[in-house]
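Numbering (the numbering used here), first residue to last: 12 to 625.
The beta-carbon is built from N, C-alpha and C at its ideal position, and this holds for glycine as well.
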Amino acid sequence: MPTPEDNMVQEALKALEQRDRSRARDLLARLIKLNPARVDYWVWMSTVVDSAKERVFCLKEALRLDPQNVMARRGLIVLGVLPVDETLVVPFSAQKRNWQTGLLKEAEEQKKQAAKAWRQLALYGAGAVVVILLISAAIFGASRLLRPKAQQGGPSGAFLVNDTATLPATLTPLPGRGTTPTPTPPWGDATLVPTPLYAKTEHPRTEAFRAGMRAFERGDWPNTIAYLQQVIAVEPDAPDLYYFTGEAYRFEGNTDEALAAYNTAIEKSAAYAPAYLGRARLRLDQSPKAYADAIRADLAKAAELDPLLGEIFLETARLDMIQAGRLDEASPSLDRAAELLPESPEVSLLRGEVLLALGKPAEAVNALRGAIQLNPANLAAYMLLGRALQLNDQFADSLQPLQIYIQYSQPDAEALAWLGAAYAGQGEYEQALALLNQAVALDDESFEALYQRGLVNLELKEYKQAVNDLSNAYVINMDSFPANLALARADLTMGATKEAFALFEASENLSRSDADMAQVYYYRGIAQQEYGSLTAAIRDYRALLEMPAGLAQAAWLKDVRARLDQLVSPTPSPSASPTAGTSATATPGASPTRRVTPSRTPAPSPVPGASSTP
């Protein structure tokens with residue numbers, strides 16, 4: 012009797028055969044979770060993941076499990092990861108593309124039928140009439156309507172009958188396209204389709220339309236446009252044709268043509284929701300800050316027209332996340348997107364990003380692990396998971412996901428910086444510094460690389476270099492809470508008290524969570540104590556102790572209790588008198604500028620027990 016896993020395999024294979032990549036990806040992710048040692052699951056997954064990096068990841072996993080697996084080796088050769096092996100490449104590359112098989116078979120069948128018809132006409136006379144009728148039916152049968160499957164959790168949408176428009180049975184040859192397909196392995200065409208095949212307008216299911224949709228599904232944007240333009244020529248009022256054309260232009264990076272196509276779709280039907288969604292996505296890609304109001308208006312209109320289109324709420328949450336002041340508003344949109352798109356790894360991924368931005372790393376860890384379960388080849392989730400684990404003080408646990416990401420990605424300064432931070436969090440500063448030097452060498456304008464190297468140099472008492480790195484990080488992003496706080500600590504080591512307290516004040520204003528304020532209370536309290544503002548120091552220490560459990564590091568709490576015992580002793584020493592302090596108000600001062608070679612003489616750190624945690 013077939014097991015549930017066997018049944019799921021059959022469903023996955025059927026989805027692959029039908030080119031339902033989203034369904035296949037979801038099923039294969041579940042199968043890999045059930046049985047991660049199955050080589051064929053990883054090979055199949057390589058055909059439906061989002062990017063070349065993820066295909067490499069899947070195929071390398073397959074090859075790790077089975078070093079002799081021919082399919083995995085062929086794929087990695089084609090992707091340029093392994094050296095060429097002619098014994099593997101030639102037979103494989105001679106195969107036809109899967110996505111072209113249908114068109115070729117149809118064309119060949121038509122030729123065969125036509126030849127047969129003429130032979131029968133000559134041989135059988137009267138029987139030729141019947142044969143011709145059959146041929147005509149085969150040729151023009153492509154105009155029959157086929158109902159597309161409803162998207163899971165989204166609108167059902169259907170292409171309705173319209174018999175007034177027809178297209179010739181023979182497709183117009185496309186530029187640069189011959190009759191022989193270019194040999195490419197299946198994963199060579201694997202491209203994520205981020206938008207469901209959705210339509211609410213009337214037009215015939217012509218051969219050109221089907222060819223355009225097949226091209227869209229495989230990410231072949233030029234042929235998508237070419238085929239759909241053929242349909243538009245005879246059916247100029249169908250808004251979905253312009254929408255899919257706009258999507259193809261958007262993915263090509265042709266923003267002007269994409270915008271024109273979306274606008275035309277809306278002109279043809281003001282009630283066509285996907286066109287508003289497409290235009291909002293285009294503007295999100297262009298400049299979310301500049302077009303914020305227009306984007307939000309388009310998303311609101313799309314939601315009004317079709318409240319079951321889950322991608323609307325996903326993009327709304329993305330806009331809320333970009334606009335930092337609306338982070339709390341992103342969660343309801345994500346909840347709605349999750350209801351409509353329950354198997355979407357993108358929802359879990361974005362939820363993880365939002366939770367990180369809200370200063371909730373423990374919750375972010377759960378969301379990002381969920382994203383990886385839904386799509387184990389989603390490399391972006393591994394990188395964010397590593398960062399979330401670090402912010403949850405799980406530095407050792409963060410190593411593996413970051414190493415996975417770096418292993419399968421192009422050189423990435425930010426990822427190297429986070430990996431360096433993972434080692435720094437475990438006290439392995441020399442190894443951390445080596446990685447961070449690599450990161451800065453890759454991109455000397457990387458905020459994360461400069462910031463993390465500044466923290467490590469602060470711990471290594473390389474104060475001059477620490478100030479250099481943190482000053483440069485600050486210049487790159489002056490609104491960064493971690494950069495302001497870290498530079499304040501570094502300035503104190505160099506004797507720049509005025510600038511340091513101005514940055515502490517800025518840090519408090521930039522804090523977005525109680526966890527951020529815990530850091531302000533701790534480091535500012537120490538600074539105030541060291542510089543004689545004892546009353547203010549006591550106030551910060553007590554505020555830290557009154558915060559909910561889990562927000563401050565245990566070492567900080569222990570240190571603060573010891574300091575308070577000293578400061579509020581019944582018989583305080585003259586240097587520790589609570590009445591001797593000055594105001595906690597930071598002294599106003601000019602904001603630090605980019606300091607490449609500070610001339611100030613390094614002094615002993617006034618921040619004992621400081622941690623590199625941002």
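Would residue i be called buried (16 or more neighbouring beta carbons within 10 Å of its own) or exposed?
i, result
"Arg331", "Rather than Arg, the amino acid found at residue 331 in this sequence is Asp. Asp331 should be labelled buried."
"Arg500", "buried"
"Asp309", "buried"
"Asn520", "exposed"
"Gly289", "buried"
"Pro78", "exposed"
"Ala597", "Low confidence applies to Ala597: its pLDDT is 39, below 50, so where it sits in the model is not reliable enough to give any reading."
"Thr217", "buried"
"Gly264", "exposed"
"Asn479", "buried"
"Thr14", "exposed"
"Glu557", "exposed"
"Asn18", "exposed"
"Gln21", "exposed"
"Gln577", "exposed"
"Lys371", "buried"
"Ala595", "Since pLDDT at Ala595 reaches only 37, below the 50 mark, its modelled position is unreliable, and the value read off the structure follows with that caveat. Buried, since its Cβ has 16 or more Cβ neighbours within 10 Å."
"Asn46", "exposed"
"Asp61", "buried"
"Pro353", "exposed"
"Phe422", "In the sequence as presented, Phe is not what sits at residue 422; that position holds Pro. Pro422 is exposed by the Cβ-count criterion."
"Met394", "buried"
"Asp31", "buried"
"Gly543", "exposed"
"Met7", "Given a span of 12 to 625 for the chain in the structure shown, any question on residue 7 remains unanswerable."
What separation, rounded to the nearest whole angstrom, lies between the Cα atoms of residue i and residue j?
i, j, result
"Val101", "Leu90", "Only weak support exists for where Val101 lies, its pLDDT of 31 falling under 50; the coordinates are left without a value."
"Ala554", "Leu562", "12 Å"
"Asn468", "Leu252", "57 Å"
"Ala271", "Gly257", "8 Å"
"Ala311", "Ala392", "28 Å"
"Ala249", "Gly230", "22 Å"
"Glu268", "Ile243", "15 Å"
"Ala432", "Arg464", "8 Å"
"Tyr260", "Ala511", "50 Å"
"Leu427", "Gln449", "7 Å"
"Gln29", "Pro285", "24 Å"
"Trp53", "Ile88", "16 Å"
"Glu65", "Ala388", "5 Å"
"Glu16", "Leu38", "10 Å"
"Pro343", "Ile323", "13 Å"
"Met489", "Gly223", "47 Å"
"Ala517", "Gly321", "39 Å"
"Thr235", "Thr58", "20 Å"
"Phe220", "Arg380", "39 Å"
"Cys69", "Trp232", "25 Å"
"Ala373", "Gln241", "52 Å"
"Asp455", "Ala477", "15 Å"
"Leu24", "Ala314", "34 Å"
"Ala128", "Glu246", "Residue placement at Ala128 cannot be trusted, given a pLDDT of 47 that sits under 50; what the coordinates show is reported in the next sentence. If you take the alpha carbons of Ala128 and Glu246, they lie about 33 Å apart."
"Met528", "Pro493", "11 Å"
List the whole-angstrom C-beta distance separating residue i from residue j, where the pair is believed to meet the contact cut-off of C-beta under 8 Å.
i, j, result
"Ile537", "Leu575", "About 12 Å separates the two Cβ atoms, so there is no contact after all."
"Leu633", "Ser420", "Any property of residue 633 remains undetermined from this structure, which presents the chain solely from 12 to 625."
"Ser359", "Ala341", "Contact flag wrong, Cβ pair sits at about 14 Å."
"Trp27", "Trp55", "It is worth fixing the name first, because residue 27 is Leu in this sequence and not Trp. Indeed, because the Cβ distance is near 7 Å, the residues count as touching under 8 Å."
"Gln437", "Ala484", "Their Cβ separation, rounded to whole angstroms, is 22 Å, which puts Gln437 and Ala484 out of contact at 8 Å."
"Ala328", "Leu316", "Rounded, the Cβ-Cβ distance is 19 Å, inconsistent with contact."
"Val50", "Ala35", "With 8 Å as the limit, Val50 and Ala35 do not qualify as a contact, their Cβ atoms being about 17 Å apart."
"Ile487", "Phe458", "5 Å"
"Ala291", "Ile306", "5 Å"
"Gln384", "Lys71", "About 20 Å; that fails the 8 Å criterion."
"Ala424", "Leu453", "4 Å"
"Leu361", "Leu325", "7 Å"
"Ala497", "Leu466", "6 Å"
Check whether the stretch 390-404 touches the stretch 359-367, counting contact only when three or more Cβ pairs, one atom from each stretch, lie closer than 8 Å. yes
Note down, one range per segment and in chain order, each alpha helix (DSSP H) of at least 4 residues found wholly within the stretch 27-72. With a minimum length of 4 residues, the unbroken runs of alpha helix (DSSP H) contained wholly in the stretch 27-72 fall at 32-45 and 50-56.
Inter-stretch contact (C-beta, 8 Å, three-pair minimum) for the stretch 296-304 and the stretch 271-283: no
Which complete alpha helix (DSSP H) runs does the stretch 274-328 hold, if anything under 4 residues is left out? 284-297 and 303-316
Which ranges does the beta strand (DSSP E) cover as unbroken runs of at least 3 residues, wholly within the stretch 455-519, from first to last along the chain? Counting only runs of 3 or more, we get nothing.
What are the start and end residues of each continuous alpha helix (DSSP H) run of 4 or more residues lying completely inside the stretch 330-416, in chain order? Correct list: 338-351, 356-368, 372-385 and 390-402.
Counting only runs of 4+ residues fully inside the stretch 524-570, write out the alpha helix (DSSP H) ranges in chain order. 525-541 and 545-556
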